[in-house]
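Position 119 of the sequence shown, counted from 1, bears residue number 119 in UniProt numbering, the numbering being contiguous throughout. I have placed the structure first, in the form of structure tokens, so that the comments after it can refer back to it.
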Amino acid sequence: MSDTAKLVERYLATWNITDAAERRAEIDALWAEDGRYIDPLVDAAGRDAIDATIAAVQQQFPGLVFTLGGDVDAHHNLARFTWNLGPEGGEAIVVGFDVAVMTEDGRIQTVHGFLDQVPTA
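Below you can see the structure in the form of structure tokens.
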């Protein structure tokens, strides 16, 4: 497994960490200080905002987990991958596609997220 694929797996696992201190430590380890997460619903600039975004998603979808939806496709400082959000071992309720931009030192600079499947009201 490539270093980029490992980074993506850690990134997704961060979305499943419900302990606030543990989650923040992982965010600090993975993200550039001025990192940014952007999707159709949020533009989170900086580690504090990224942490708050993850906590809000966990509140909106309690008990659901993020998993990698396939292989990580990467080149240079870019990675693209599909992810699923659903019950452990169950069918995904939300499916997305992210493009991550990494820094020279291998941290996440920016994630551009796209929502492919979302629950209807």
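All residues carry an ideal CB built from backbone N, CA and C; glycine is no exception.
Check                                                                                                                : Outcome
E33 - DSSP class collapsed to helix/strand/coil                                                                      : strand
Beta-carbon proximity check, G70 vs I50, cutoff 8 angstroms                                                          : no
Outcome for L64 when other beta-carbon atoms lying within 10 angstroms are tallied against a minimum of 16           : buried
Helix, strand or coil at T18 [DSSP, three-state]                                                                     : coil
Distance, V72 Cα to A5 Cα                                                                                            : 6 angstroms
Closest by C-alpha distance to N77, when choosing among W31, T120 and E104                                           : E104
Exposure label - R10; buried when at least 16 CB within 10 Å                                                         : exposed
Contacting residues, own chain, Cβ-Cβ under 7 angstroms from V118 (five flanking each side not counted)              : V94
Within the UniProt domain "SnoaL-like" (8-109), ranges of the alpha helix (DSSP H) (whole runs, at least 4 residues) : 20-30 and 47-60
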